[in-house]
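**Q** Residue numbers (the UniProt record's numbering): 1 to 237. Glycine included, each C-beta is placed from N, C-alpha and C at the ideal position. Source: prediction; values computed, not measured. Below you'll find the structure I mean.
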Amino acid sequence: MTSKSTAVVSLPTLTQTGATIALQAASLYASEHGLPMSIAIVDAHTHLLSFTRQDSAKLSSIETAMSMATTSASNRLPTSALSDTHTAPPSLFSSSQRLCTIPGGLPILSPTGALLGAIGCSTGTSLQGEDAAAAGRDAVLAFIKRETEDEERRIEEEREKVLRLWKEKEGEVESLRDELDYERYGSGKRRKTSSVGLGGSAGLSAGGAGPHTPPEEGEIGGFLEPSFVGEVRVGGF
1 MTSKSTAVVS LPTLTQTGAT IALQAASLYA SEHGLPMSIA IVDAHTHLLS
51 FTRQDSAKLS SIETAMSMAT TSASNRLPTS ALSDTHTAPP SLFSSSQRLC
101 TIPGGLPILS PTGALLGAIG CSTGTSLQGE DAAAAGRDAV LAFIKRETED
151 EERRIEEERE KVLRLWKEKE GEVESLRDEL DYERYGSGKR RKTSSVGLGG
201 SAGLSAGGAG PHTPPEEGEI GGFLEPSFVG EVRVGGF
């Protein structure tokens, strides 16, 4: 079967909520370690979502943090992986775009490997910047995991509710069907009894009709439709 082509595709990306979570976690790490930082979060398209420059952070760290995040998102790699000139793409050295090979920028990838965005943290040592970025990245990924688990749990609960309701309604429908069948067919409804199977007439009237009484429990499934079994006449087998 040929798959249907499309001219538009929807890509996952960080939202403002996700960016705020990452920013808060990275800021907390920096504060706890006494490292005033500039922290930037970009989405999957390298557009800036959230930024902060903590008190006393270097002015030069503003541009560096945003360049870290942009570079990491553009290449789907940590900026530390691009610090080696042998692995960095030539564009890093020939382009005037916002690119940076200083460690401190990390991509934010979904559990399936899709690029969601990136975070850049500047000031302090390279290791400290990368650790702060990792704190922000891990916080938003943990939030995404909780969201996914909550949604799966909600879907399962809804499914169980639907199944319970279906079973309840199924019982009501069966009961109503039995009542309608009896009202519709009345004495014309045949019941499968041992006397019929033996050719007797204990369960049938002279005209072949069943008694004008509701079926006993367990006998509902024993009714036979004339359209399926034909006419039944006493002594006419």
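Compare the C-alpha of serine 110 against each of Gly171, Gln54, Glu160, Lys145 and name the closest.
**A** Of the candidates Gly171, Gln54, Glu160, Lys145, the one whose C-alpha sits nearest the C-alpha of serine 110 is Lys145.
**Q** Over what stretch of residues does the beta strand (DSSP E) that includes residue 238 continue unbroken?
**A** Outside the shown range of the chain, which is 1 to 237, sits residue 238, and nothing can be said about it.
**Q** Which word fits leucine 116, buried or exposed, when buried means at least 16 other C-beta atoms lie within 10 angstroms of its C-beta?
**A** The residue in question, leucine 116, is buried, as its Cβ has 16 or more Cβ neighbours within 10 Å.
**Q** Look at the alpha carbon of threonine 20 and the alpha carbon of leucine 99, and state the distance between them as a whole number of angstroms.
**A** Roughly 23 Å between the two C-alpha positions.
**Q** Please state whether the Cβ-Cβ distance between serine 126 and serine 80 is less than 8 Å.
**A** Yes, Cβ-Cβ distance for serine 126 and serine 80 is below 8 Å.
**Q** Classify glycine 34 as helix, strand or coil using the three-state DSSP reduction.
**A** In this structure, glycine 34 counts as coil in the three-state DSSP scheme.
**Q** Opposite cysteine 100 in the DSSP bridges: which residues?
**A** Partner(s): none; cysteine 100 has no beta bridge.
**Q** If I follow the unbroken alpha helix (DSSP H) through leucine 14, where does it start and stop?
**A** Careful: leucine 14 lies outside any alpha helix (DSSP H) and carries neither H nor E.
**Q** Taking contact to mean 3 or more Cβ pairs, one atom from each stretch, closer than 8 Å, check whether the region 117-124 and the region 49-63 are in contact.
**A** Short answer: they touch.
**Q** For threonine 52, which three-state DSSP category applies?
**A** Note: threonine 52 maps to strand in three-state DSSP.
**Q** Looking only at its chain, what residues have a beta carbon closer than 6 Å to the beta carbon of lysine 167, apart from the 5 residues adjacent to it on each side?
**A** Taken in chain order, the list of residues that qualify is empty.
**Q** Give the DSSP bridge partners of alanine 118, in chain order.
**A** Note: alanine 118 sits in a beta bridge opposite Val42, Pro107.
**Q** Three-state secondary structure (DSSP) at lysine 161?
**A** Residue state, collapsed to three classes: helix.
**Q** Can you tell me whether valine 140 is helix, strand or coil according to DSSP?
**A** Valine 140: helix per DSSP, three-state reduction.
**Q** Would lysine 58 count as contacting chain C if we go by Cβ distances under 8 Å?
**A** Given the protein chain composition of this structure (a single chain), no chain C is represented.
**Q** What residue range does the alpha helix (DSSP H) around threonine 70 cover?
**A** From DSSP, the alpha helix (DSSP H) with threonine 70 extends over 60-75.
**Q** In whole angstroms, what is the alpha-carbon distance linking alanine 22 and leucine 48?
**A** Approximately 13 Å, taken between the alpha carbons.
**Q** Report whether the distance from the Cβ of glutamate 63 to the nearest heavy atom of the ligand MN is below 7 Å.
**A** In the structure shown, the ligand MN is absent, as is every other ligand, since no ligand is present at all.
**Q** Let me confirm a value: aspartate 131 is counted as buried when at least 16 other C-beta atoms fall within 10 Å, else exposed. Which label applies?
**A** So aspartate 131 ends up on the buried side.
**Q** Find the nearest neighbour of threonine 46 within the set Thr70, Thr52, Pro103, Glu32, judged by alpha-carbon distance.
**A** Comparing Cα positions, the closest option is Thr70.
**Q** Is the Cβ-Cβ distance between alanine 44 and glycine 136 less than 8 Å?
**A** Not a contact, by the Cβ cut-off of 8 Å.
**Q** From arginine 164 to serine 175, what distance separates their C-alpha atoms?
**A** Roughly 17 Å separates the two Cα atoms.
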